[in-house]
Every structure is written in C-alpha cells, then in structure tokens.
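Participant: If you read the sequence shown in our numbering, its first letter stands for residue 1388, the second for the next number, and so on. In this text, a Cβ means the ideal position worked out from N, Cα and C, and glycines have one as well. Here's a structure for you.
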Amino acid sequence: MAKRSSKGFYNWSYFLGLVAILIFLNVIGSLVHMKADMTEDQRYSLAPGTKRFLSEEKNFPNRISVKIYLDGDLPADLQSFRNAIEDKLKDFKDLAGNRIEYQFINPNPENAKEDEKRALHTNLYKQGQGILPMDVVYMKDGTQTQMMLWPGAEIAYSSNGIIKETTIQFLPGTQPGKPMNLDNLNETLENALNNLEYNLLSAIRKITQIEKKRIAFLQGHGELKDGETIRARAILAPYFSLTKVNLNDTLSALDGVDGLIIADPKLPFTNKDLYIIDQFVMKGGKLMVFMNELQFIDDSLMARGVTHTMRKNLKIDNMLFDYGIKIHENLVVDAQCGPKIVPYADQTLVPWFFHILATPSTHPITRNLEPVSLEYANELQLINTTGVKLTKILTTSTNANKTGLAPLISLAMPASYGENPKLAENPKDDVNKITLAAIAEGSFQSHFKNRIVGKFADPKLSGFLSQSKVESKIFVVGNGRFLANEYDSMPDGKGGISFRANPFNELKMNRVLAERRIPLFYGNQEFIQNLVDYMMGDNSVLDIRSRQIDIKEIDKEKVKSQGKTLKYLNLFGPVLLILLFGFVMFLIRKMKYTK
1388 MAKRSSKGFY NWSYFLGLVA ILIFLNVIGS LVHMKADMTE DQRYSLAPGT KRFLSEEKNF
1448 PNRISVKIYL DGDLPADLQS FRNAIEDKLK DFKDLAGNRI EYQFINPNPE NAKEDEKRAL
1508 HTNLYKQGQG ILPMDVVYMK DGTQTQMMLW PGAEIAYSSN GIIKETTIQF LPGTQPGKPM
1568 NLDNLNETLE NALNNLEYNL LSAIRKITQI EKKRIAFLQG HGELKDGETI RARAILAPYF
1628 SLTKVNLNDT LSALDGVDGL IIADPKLPFT NKDLYIIDQF VMKGGKLMVF MNELQFIDDS
1688 LMARGVTHTM RKNLKIDNML FDYGIKIHEN LVVDAQCGPK IVPYADQTLV PWFFHILATP
1748 STHPITRNLE PVSLEYANEL QLINTTGVKL TKILTTSTNA NKTGLAPLIS LAMPASYGEN
1808 PKLAENPKDD VNKITLAAIA EGSFQSHFKN RIVGKFADPK LSGFLSQSKV ESKIFVVGNG
1868 RFLANEYDSM PDGKGGISFR ANPFNELKMN RVLAERRIPL FYGNQEFIQN LVDYMMGDNS
1928 VLDIRSRQID IKEIDKEKVK SQGKTLKYLN LFGPVLLILL FGFVMFLIRK MKYTK
C-alpha cells in the first residue's frame, strides 16, 4: 500500500513539475522578446536604417519617453493596430535598450471623473497643435457605438538640461460631429501601418537632433518665390536648417552651406555665379538643380490654343554637362499623364501628354513611391564621366516620346492621337523610357579647369580647386516646379506681406481630378523628403518610406457570429492543451509502472 502511495505521489509530483516548467517557460517567453519574421513583406522587421540609428548610442545618449494614447476597450481592428505599435516599440527597445521607455495610456478611463478627462483631452489637443481626436462609429453586440480616440503619442527627450517634446498623429483627426465609420477605416489603417516605423523614427530624429545641416535655396535668378516653396520648406525644416542665399558675386556666399537647391531659375547665371557654385561642389557641397530649359506663356496657350516655347539660355546647363548630365532643349510627352481642362470643349478633361506622371526607379529615393508629377519636363542625357557614378532616378513609361527643340505647344495635340495613343512605335519596349531625373556621385572635375574666367578664379585670390576635394553629389531634374505649391498672400499687420500655402496639397494629389472626386495621388512630397535626405547623407528613413505593407481585412461577419467563441478558444485553448498533455503523460507513466 505504501509502495502504491509512493508511486502515486511520484506521478503527481512529475505532473505538477511538468506544469510548473511549462508555466516557467511561458513566463520567460513573455519577458524575452524574440521573433522570426516569415512574412513576404517583412512587416515585422525593422529597416536597416532604423536599426543603425537606434543601435548607435551617439544618436541619442539620453532616455526617450513615449506615451501612446491608444488603449482601453478597442474594436478588433483598432486593437490590432494598437498591438502593432507596441510590437514596433518593443523592436525599438530591443536595439536602444533603456534609452527608450514607453507606456500606453487610456485617455478615457472608466473610473475617471469628467473634469479629469476633459483636462487630459485639453492637454493632448494643445489648441490644435498636439494630438487631434478621432471619432469612430462601429457595431458592438448589435448596437451602433461611438468612441472618441486620441490616436497619437507624445515623445519627450532631455538633453543638456533642455526638454524637447513632439507629438505623432498615427491616425487622422475628424471634425466635430463627423465621425468615421470603422468599416471604412481599413485603407486608413493600412497607410498608418505603412508609416508607423517612419513616424516613430522621424519623431525621434526630430527631438534628438543636436546640429542640423544647412540647406540654402538660391535666389537672384528668378527662382521660385518664398510662397511657392512653403510646403517644401515645411517638410524639410524639422530636420535641416533652411536659409535663402543670393550670391551677389561674393566668393564666400556659400561658406557654411551643406546643400544648395536651385529651383526653377529663369534668368542667366553670370560666370562668377557659376564659379561660386562650381567651387561649392568641389569642396563637397551637395547640389540640387530643378530646372527647365524652356519657357512659355500659359495664358497665351489657354487663350489661343497654341503657343511657342522660348529658350532661357541659363548657362548653368553647360556646367552640368561637364559634371555628366545634359539637359535637352525639348519637351517630353508620355501617355502616362495627368489631365488638363480644355477651355473650348465645355471644360472637358483631356489627357495632357506634357504632364508626365514620372515612373519611379528602384533607387532608395523613389522605390515604391506614387508617380511624381512633372509638367513640361526636359529630357536628360547621362554622359560618361571619369570618376562619376550616374544613376537614373525618374523616367517616363515605355509609351513616351520627345519633341524637337523649342517646340510649339498645342491644346489640340491629345485629340490627334485618338483614344489609345501610341506615342512610340512599340509602346511596350523599355528602350522608349526617357530619363527625367538623375543623380551624379563621385569626384568631379571643375567646370573652370583650363578656362580663363577672370581674376576671381586666380588661385592666389580664391583658392581655386580644379578637382573635388571630397566626393560630392549632384541631382538634376528637367522640371523646375515639381516642388511648388499654390499660395495666398495677405498683410502681416506690420506693413509687410505674409504667405500661406493653399489648403489643397498639390504635392500629394491632382487638384483637377480631386474637384471631381476622382483621386489621383502624387509622390512629390515624399520624393522631396527622400531626395534631400539622400543628398545630405541621411539614409536612415529612405528604406522605411519605400516599404509597402498590405493589411488583410478582418471578416466582419465571422467576427460578429463567432467572435466570442474564438475569443474564449484563444484564451482557454492553450491552458487546456497543457493540461491534456500533462494528463496523457500521467497515463503513460501510470501504465508503464503498473506493468
């Protein structure tokens, strides 16, 4: 009897020990964050640039605090998105260690008083400068329910005794009284998930940046006005120190400038101006040139239906040719194009072949971007140059062609090609693709080497460099207005004029089609961000913006009919499996020792 009791005690001890081990392993598994990403789009893995940035302690030696206000009793879709945020922050913390801490906060706790909730919401909103609320309606247990979310985060960082703060808006805010239906939220959630890693890393970069690189917008040659670059400057300002510069024949005008943007010049450059820019490149400065070789009067085209183009004779194109990129004095046409309203045809929309929707390449600057809108673009030609690497960044589609030099522009052109335009002999042949934007990288030879240009090029006076001192980058696109926005001007109350961008964002969407409720999205805004980041040597976010993650929609009917069953199955299923496994092992051992 004693022997049987001893065996029974042993079997129960074995069973309980096994259960204890499984529980211990489960606890350890919950504490240690390990995973294997088997997805095709690698949605659960951080981009290489993110890993590099977070791993290097010099980027932010102090602790970053992240507070996420998306918690509580959330619908399944939103709970899934909330979990995705937590998973991403766990990945961040795995690399940064104690330099990142985060917490999820329910902005609508049930036990809080109304005045406490109101105070919290007011603090989050910050008069429209903080997190924007989002009202959603959804079905819960057969009843329509409305919930106010605060789908954002507050991030704080302390450096040298100064606390820097910023916010992230994960999902868009809604207007009061206009809630968003949860059933229509899938595309919004998909975009938010695609941008999740980028938004988190960008916010961290923004508040931890100690010294910003200096980028100057060149003035003095009819370049874009301040009002026309409001959006572009707003995009770049959090990460770079932006300024304007007028060369004024001053050799030191670009001293201290890291990057130079020349946007849509209309007046010729003097030799001295070109010399200053050339030596800027020789010293390692990054040059970005957005320009057209031709100009015309759009009002004349709309009034008469036809107009001539005129050469600008800017002279800077000769210098770019020496660097390896030639801009032709023609216009490119492409069947992959935006629309234009023809005034004499009852405001009919026609495909405007001159408005190219440029095809992004696989380069990190443009990979997975929406088409880039370029209207009246010139063809680029890449010239083999010793020591210089040339890369195409934007091209046309295969159904494209080019005009002759300084062509005539006619509104009747689209009609002459019919409904299925063939702009090239074989519209599917890759050889038809025309280069619209390119980048040159390497060691450049000065445009002024072996040229006599005046006393300002005397080595004794100017420290002339005939070859790049360090490697540099030059970007050229045959269009000057791809970054321009429409704007309004108004008195500033001090006797001057202030500018503000038009509420419609032309860098993200086609205005003509948007007014007709036909969305046509552009990648111009992301293109500007990626381009400047790449040119200035910050590649940490390029591979994030270019990722694409698709969300598989949850079966609403199945959730409605089987939701509770699946919930309890997931909750108790693992426990029952462990108990069943232990019981089977117990029976096996009992049978073994009984024999």
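DSSP has residue 1531 in a bridge; who is on the other side?
Facilitator: Position 144 of the sequence shown, counted from the start, is the residue given in the question as residue 1531. 1526.
Participant: Ends of the beta strand (DSSP E) at residue 1695?
Facilitator: Taking the sequence shown and counting its residues from 1, one reaches residue 1695 at position 308. Looking at the DSSP string, the run of the beta strand (DSSP E) that includes residue 1695 is 1693 to 1695.
Participant: In the structure shown, what three-state DSSP assignment does residue 1507 receive?
Facilitator: In the sequence shown, residue 1507 corresponds to position 120, counting from 1. In the structure shown, residue 1507 sits in a helix (DSSP, three-state: H, G or I).
Participant: I'd like to confirm the pairing. Which residues does DSSP put opposite residue 1453 in its beta bridges?
Facilitator: As a working note, residue 1453 is residue 66 in the sequence shown. For residue 1453, which the question treats as bridged, DSSP gives the partners 1489, 1542.
Participant: Taking only the alpha-carbon atoms, compute the straight-line gap between residue 1967 and residue 1973 and give it to the nearest angstrom.
Facilitator: The count along the sequence shown starts at 1 and reaches residue 1967 at position 580. The count along the sequence shown starts at 1 and reaches residue 1973 at position 586. Roughly 10 angstroms between the two C-alpha positions.
Participant: Suppose only complete runs of 3+ residues qualify. What are the beta strand (DSSP E) ranges in the region 1798 to 1876, listed by chain order?
Facilitator: List check, beta strand (DSSP E) in window: 1822 to 1829, 1859 to 1864.
Participant: Going by the beta-carbon positions, is the gap between residue 1823 and residue 1865 smaller than 9 angstroms?
Facilitator: For the purposes of this step, residue 1823 is identified with residue 436 of the sequence shown, where counting begins at 1. For the purposes of this step, residue 1865 is identified with residue 478 of the sequence shown, where counting begins at 1. Taking 9 angstroms as the Cβ cut-off, residue 1823 and residue 1865 qualify as a contacting pair.
Participant: Roughly how many angstroms lie between the CA atoms of residue 1918 and residue 1611, to the nearest whole one?
Facilitator: Along the sequence shown, one-based indexing puts residue 1918 at 531. Along the sequence shown, one-based indexing puts residue 1611 at 224. Distance between the alpha carbons of residue 1918 and residue 1611 is about 18 angstroms.
Participant: Which same chain residues end up closer than 7 angstroms to residue 1482 when comparing Cβ atoms and leaving out the 5 residues on each side of it in sequence?
Facilitator: Numbered from its first residue, the sequence shown carries residue 1482 at position 95. Around residue 1482: 1438, 1441, 1442.
Participant: Taking residue 1675 as part of the beta strand (DSSP E), name the residues at either end of that continuous run.
Facilitator: Sequence index remark: in the sequence shown, residue 1675 carries index 288 (1-based). Residue 1675 -> beta strand (DSSP E) spans 1673 to 1677.
Participant: Is DSSP giving residue 1897 helix, strand or coil here?
Facilitator: Within the sequence shown, numbered from 1, the residue matching residue 1897 stands at position 510. Of the three classes helix, strand and coil, the one that applies to residue 1897 here is coil, per DSSP.
Participant: Within the continuous alpha helix (DSSP H) that includes residue 1470, where are the two ends?
Facilitator: Within the sequence shown, the letter at position 83 stands for residue 1470. Taken as a continuous stretch (DSSP letters only), the alpha helix (DSSP H) holding residue 1470 covers 1463 to 1483.
Participant: Going by C-alpha to C-alpha distance, which of 1802, 1489, 1567, 1411 sits closest to residue 1524?
Facilitator: Residue numbering aside, residue 1524 sits at position 137 when the sequence shown is read from its first letter. The shortest C-alpha separation from residue 1524 is found at 1567.
Participant: Given residue 1811, which residues of its chain have a CB within under 8 angstroms of its CB, disregarding the five upstream and five downstream residues?
Facilitator: For the purposes of this step, residue 1811 is taken as residue 424 along the sequence shown, with counting starting at 1. If we look at residue 1811 and ignore the five residues flanking it on each side, its Cβ neighbours are 1785, 1786, 1787, 1788, 1819.
Participant: CB-CB under 8 angstroms to residue 1583, same chain, minus the five flanking residues each way: which ones, in chain order?
Facilitator: Numbered from its first residue, the sequence shown carries residue 1583 at position 196. Result list for residue 1583: 1471, 1472, 1475, 1557, in chain order.
Participant: On the CB-based measure, 16 or more other CB atoms within 10 Å of its CB, does residue 1672 come out buried or exposed?
Facilitator: For the purposes of this step, residue 1672 is taken as the residue at position 285 of the sequence shown. It is buried - the Cβ of residue 1672 has at least 16 other Cβ atoms within 10 Å.
Participant: Report yes if the C-beta distance between residue 1736 and residue 1747 is below 9 angstroms; otherwise report no.
Facilitator: What you label residue 1736 is simply residue 349 of the sequence shown in a count that begins at 1. What you label residue 1747 is simply residue 360 of the sequence shown in a count that begins at 1. No; because the gap between Cβ atoms is not below 9 angstroms, this pair is not in contact.
Participant: For the beta strand (DSSP E) containing residue 1627, list its first residue and its last residue.
Facilitator: Residue numbering aside, residue 1627 sits at position 240 when the sequence shown is read from its first letter. From DSSP, the beta strand (DSSP E) with residue 1627 extends over 1627 to 1633.
Participant: So which of 1667, 1760, 1575 has the shortest CA-CA distance to residue 1911?
Facilitator: Here the question's residue 1911 lines up with position 524 in the sequence shown. Closest by alpha carbon: 1760.
Participant: Quick one: residues in its chain with C-beta nearer than 8 angstroms to the C-beta of residue 1643, no 5 flanking neighbours on either side, listed in chain order?
Facilitator: Start at 1 with the first residue of the sequence shown, and residue 1643 comes out as number 256. Here the set comprises 1601.
Participant: Where does the unbroken alpha helix (DSSP H) through residue 1445 begin, and where does it stop?
Facilitator: Here the question's residue 1445 lines up with position 58 in the sequence shown. Unbroken run through residue 1445: none, as it is neither H nor E.
Participant: Please list the terminal residues of the continuous alpha helix (DSSP H) segment that includes residue 1577.
Facilitator: By 1-based counting over the sequence shown, the position of residue 1577 is 190. Where residue 1577 is concerned, the enclosing alpha helix (DSSP H) stretches over 1573 to 1595.
Participant: Going by other Cβ atoms of all chains shown within 10 Å of its Cβ, with 16 needed for buried, is residue 2032 buried or exposed?
Facilitator: Since the first and last residues shown for the chain are 1388 and 1982, residue 2032 lies out of range.
Participant: Do the region 1506 to 1520 and the region 1537 to 1553 make contact, defined as three or more Cβ pairs closer than 8 angstroms?
Facilitator: With the cut-off at 8 angstroms, the region 1506 to 1520 and the region 1537 to 1553 touch.
Participant: I'd like the list of long-range same chain contacts for residue 1597, defined as Cβ closer than 6 angstroms, with 5 residues on each side in sequence excluded.
Facilitator: Here the question's residue 1597 lines up with position 210 in the sequence shown. No residues qualify anywhere along the chain.
Participant: Please state if the CB of residue 1632 and the CB of residue 1603 are separated by a distance shorter than 9 angstroms.
Facilitator: Residue mapping note: residue 1603 aligns to position 216 of the sequence shown, counting from 1. Residue mapping note: residue 1632 aligns to position 245 of the sequence shown, counting from 1. Result yes, Cβ atoms of residue 1603 and residue 1632 sit closer than 9 angstroms.
Participant: Quick check: what's the CA-CA separation for residue 1713 versus residue 1826?
Facilitator: Taking the sequence shown and counting its residues from 1, one reaches residue 1713 at position 326. Taking the sequence shown and counting its residues from 1, one reaches residue 1826 at position 439. Computed Cα separation, rounded: 12 angstroms.
Participant: Tell me the residue span of the alpha helix (DSSP H) that contains residue 1752.
Facilitator: Translated into the one-based positions of the sequence shown, residue 1752 becomes position 365. Premise fails: residue 1752 is in no alpha helix (DSSP H) and is neither H nor E.
Participant: Compare the C-alpha of residue 1626 against each of 1915, 1963, 1962 and name the closest.
Facilitator: Here residue 1626 corresponds to residue number 239 of the sequence shown, with the count starting at 1. Selected option, being the one with the closest Cα: 1915.
Participant: From this set, 1565, 1496, 1594, which residue's C-alpha is nearest residue 1552's C-alpha?
Facilitator: Translated into positions along the sequence shown, residue 1552 becomes position 165. The shortest C-alpha separation from residue 1552 is found at 1594.
Participant: The alpha helix (DSSP H) spanning residue 1919 covers which residue range?
Facilitator: Counting from 1 along the sequence shown, the entry for residue 1919 is found at position 532. Start and end: 1911 to 1922.
Participant: For residue 1710, is the classification buried or exposed, using 16 other Cβ atoms within 10 angstroms of its Cβ as the cut-off for buried?
Facilitator: Translated into the one-based positions of the sequence shown, residue 1710 becomes position 323. That one is buried.
Participant: For residue 1620, name the three-state secondary structure that DSSP assigns.
Facilitator: Locating residue 1620 in the sequence shown gives position 233, counting from the first residue. The answer is helix: DSSP assigns residue 1620 an H, G or I state.
Participant: Please state whether DSSP places residue 1967 in a helix, a strand or coil.
Facilitator: For the purposes of this step, residue 1967 is taken as residue 580 along the sequence shown, with counting starting at 1. Here residue 1967 sits in helix by DSSP.
Participant: Figure out for me which residue from 1592, 1689, 1904 has the closest Cα to the Cα of residue 1555.
Facilitator: As a position in the sequence shown, residue 1555 is number 168, starting the count at 1. Looking at the Cα atoms, 1592 is the closest of the given residues.
Participant: Please report how far the alpha carbon of residue 1828 lies from the alpha carbon of residue 1860, in whole angstroms.
Facilitator: Within the sequence shown, residue 1828 is the residue found at index 441, counting from 1. Within the sequence shown, residue 1860 is the residue found at index 473, counting from 1. Rounded to whole angstroms, residue 1828 to residue 1860 spans 4 angstroms at the Cα level.
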